[in-house]
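**Q** Residue numbers (our numbering), protein chains in the order written: chain A, 575 to 734; chain B, 264 to 429. Once you've had a glance at the structure underneath, I'll fire off some questions.
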Amino acid sequence: MGIEQKLGDMGVVTTTLEKAVGWARSNAIWPMLFGLACCAIEMMSTQASRYDLSRFGMELMRASPRQSDLMIVAGRVSRKMAPVLRNLYDQMPEPKWVIAMGDCASCGGVFNNYAVVQGVDEIVPVDVYVAGCPPRPETLIDGILRLQEKIKKEPLKKWQ
Amino acid sequence: MSDSPLAQSLGDLITETRVFRDEVTLITTRERVVEVLTRLRDGEHFEVLTDLTAVDFHPAEPRFALVYLLTSLQRNMRVRIKCFLNGSERAAPTVSGVFASANWLEREVYDLFGIHFEGHPDLRRIVLPNDYVGHPLLKEVPVQVEEVSFTFNRRRIEAGKIFAGE
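What follows is the structure, encoded as structure tokens:
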């Protein structure tokens, strides 16, 4: 009884540790349940049965930042919300990623005024910007798939 | 300009009455606002203060208008009371003793317009963060925070952004 019997006839697969880790990380991203505005509605439908985000291994929206590694900033961030958002980001364990979903999170969108942060990249580092007002679920899924590709290529050194 | 039974019952407290499509607006002075609202609440059954807000007419003088919207559930009526403030004074007596709901509404007006309400029990910011500087609904505050970027000015605007070095 060795490993060969459990794996079947696959033989030996060799890869680098970086690739293996990147593959594992990219296919089990747990996004944080964090909706700020109308984009959150699209995020909910992305995750629900019709668009089914769980096909890509990220069906678990966690309500706690301690258990999540992806923050989808879905909606406009008001100046009063900004310190809260940064606090939540700091509470997430590394490695962690951020998607700015929609125009408001990316650059302020139509809210070019005193109340709204002009792009969430003023507070947290953003990995993927998803355009749209709000982006359709397909667009968000595309953004997430791009993030997965990015994670797969990420060297381990970055998180040491 | 026309007259209304409400204005007649208040007499000298009202300086002007405007009626537009059955909407009654009573104009008074800042010193008399508290008395006008008390009389309307006790004598005319206007028991709800629906809203309290302000308007900035900069650069005209008097610069600010304080607007009080009252509703009478019993008579199914609404009335608007206005008083004008000069740009230099920026203060009015509080009506939170007459209507308890005025407490938060006056805090909002203070937050966004910087109008002080004398005698208010707890005049702090309510909508904006506590460390916010300025009062953004004043006319001298620019409407836009960022210059809108087009092809001709895009490079200059993005040079000042946080991600410029990336």
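Glycine included, every Cβ here is placed at the ideal spot set by N, Cα and C. Keep in mind the model is a prediction, meaning the values are calculated, not measured.
So which residues of chain B does Asn687/A contact, with C-beta pairs closer than 9 Å?
**A** Those are Pro399, Val406, Gln407 and Val408, listed as they occur along chain B.
**Q** In whole angstroms, what separates the C-alpha of Leu644/A from that of Ile673/A?
**A** Going by the C-alpha atoms only, they are around 7 Å apart.
**Q** With a CB to CB cut of under 8 Å and the five nearest residues on each side skipped, what residues in its chain are close to Cys613/A?
**A** Taken in chain order, the residues that qualify are Ala648, Gly649, Met675, Gly676, Cys678, Ala679, Pro708 and Pro709.
**Q** Can you give me, in chain order, the residues of the region 649-668 of chain A that have a beta carbon less than 7 Å from any beta carbon in chain D?
**A** This model lacks chain D altogether; the protein chains it does include are A and B.
**Q** What residue range does the beta strand (DSSP E) around Met675/A cover?
**A** Trp671 to Met675 is the extent of the beta strand (DSSP E) around Met675/A.
**Q** So, are the CB atoms of Val361/B and Arg304/B less than 9 Å apart?
**A** Against a cut-off of 9 Å, the Cβ pair of Arg304/B and Val361/B comes out as a contact.
**Q** Can a CB atom of chain B be found closer than 9 Å to the CB of Gly676/A?
**A** Gly676/A does not count as touching chain B.
**Q** Show which residues of chain A have a CB atom less than 9 Å away from the CB atom of Val411/B.
**A** Ordered by position in chain A, the residues that pass the 9 Å Cβ test against Val411/B are Asn686.
**Q** Measure the beta-carbon distance from Glu371/B to Phe380/B and round it to whole angstroms, keeping in mind my assumption that it falls under 8 Å.
**A** Between Phe380/B and Glu371/B the Cβ distance is about 11 Å, and since that is not below 8 Å, they are no contact.
**Q** Please report the straight-line C-alpha distance between Leu721/A and Ala594/A, rounded to a whole angstrom.
**A** Each residue's Cα considered, the two are about 16 Å apart.
**Q** With H, G and I counted as helix, E and B as strand and the rest as coil, what does DSSP make of Val297/B?
**A** Correct three-state label for Val297/B: helix.
**Q** Under 8 Å: do the region 328-347 of chain B and the region 284-300 of chain B share three or more Cβ pairs, one atom per stretch?
**A** Yes, since at least three Cβ pairs between the region 328-347 of chain B and the region 284-300 of chain B fall closer than 8 Å, the two stretches touch.
**Q** Taking only three categories from DSSP, how would you classify Ala270/B?
**A** It is helical.
**Q** For Arg419/B, count neighbouring Cβ atoms within 10 angstroms of its own Cβ and tell me buried if that reaches 16, exposed if not.
**A** So Arg419/B ends up on the exposed side.
**Q** Hey, is Val390/B's beta-carbon within less than 9 Å of any beta-carbon in chain A?
**A** Chain A, which has a Cβ nearer than 9 Å to the Cβ of Val390/B, makes this yes.
**Q** Let me confirm a value: Ala270/B is counted as buried when at least 16 other C-beta atoms fall within 10 Å, else exposed. Which label applies?
**A** Classification of Ala270/B: buried, given that the 10 Å Cβ count is 16 or more.
**Q** What three-state label does DSSP hand Arg304/B in the structure shown?
**A** Residue state, collapsed to three classes: helix.
**Q** Can you tell me which of Thr357/B, Asp314/B, Leu386/B and Ala355/B puts its alpha carbon nearest to the alpha carbon of Ser335/B?
**A** Per the Cα distances, Asp314/B.
**Q** Please name the residue, chosen from Lys731/A, Glu723/A, Pro729/A and Leu730/A, that lies closest to Ser600/A on a Cα-to-Cα basis.
**A** Among Lys731/A, Glu723/A, Pro729/A and Leu730/A, the Cα nearest to that of Ser600/A is on Glu723/A.
**Q** Taking 8 Å as the threshold, find out whether the region 407-418 of chain B comes into contact with the region 685-698 of chain A through three or more Cβ pairs.
**A** The region 407-418 of chain B, when compared against the region 685-698 of chain A, does touch it at the 8 Å Cβ threshold.
**Q** The beta strand (DSSP E) spanning Ser335/B covers which residue range?
**A** Start and end: Phe327 to Ser335.
**Q** Check each candidate in Lys402/B, His383/B, Pro405/B and Leu375/B and name the one with the smallest Cα separation from Asn393/B.
**A** The shortest C-alpha separation from Asn393/B is found at Leu375/B.
**Q** Using a Cβ cut-off of 9 Å, which residues of the region 688-699 of chain A contact any Cβ in chain B, in chain order?
**A** Those residues of the region 688-699 of chain A that come within reach of chain B (Cβ to Cβ, closer than 9 Å) are Tyr688, Ala689, Val690, Gln692, Gly693, Asp695 and Glu696.
**Q** Counting pairs of Cβ atoms below 8 Å between the region 688-699 of chain A and the region 651-669 of chain A, do you hit three or more?
**A** With a cut-off of 8 Å, the region 651-669 of chain A and the region 688-699 of chain A count as touching, because enough Cβ pairs lie within range.
**Q** If we count the other Cβ atoms within 10 Å of its Cβ and call it buried at 16 or more, is Ile603/A buried or exposed?
**A** Buried, because 16 or more other Cβ atoms sit within 10 Å of the Cβ of Ile603/A.
**Q** Residues in its own chain within less than 8 Å of Gln692/A by CB, not counting five upstream and five downstream?
**A** Answer for Gln692/A: Cys681, Gly682 and Asn686, listed in chain order.
**Q** Helix, strand or coil for Asp285/B, going by three-state DSSP, please let me know.
**A** Three-state DSSP puts Asp285/B in coil, outside helix and strand.
**Q** Taking 9 Å as the threshold (beta carbon to beta carbon), is Tyr373/B in contact with chain A?
**A** Cβ-Cβ to chain A under 9 Å: no for Tyr373/B.
**Q** Looking at C-alpha atoms only, which residue of Leu273/B, Val297/B and Ala328/B is the closest neighbour of Asn352/B?
**A** The residue you asked about is not Asn; residue 352/B is Glu in the sequence shown. Measuring from the Cα of Glu352/B, the nearest candidate turns out to be Ala328/B.
**Q** Please report the distance separating the alpha-carbon of Ile277/B from that of Thr292/B.
**A** When rounded, the distance between both Cα atoms is 8 Å.
**Q** Got a sec: is the Cβ-Cβ distance from Gly682/A to anything in chain B below 9 Å?
**A** Judged by the 9 Å Cβ criterion, Gly682/A is in contact with chain B.
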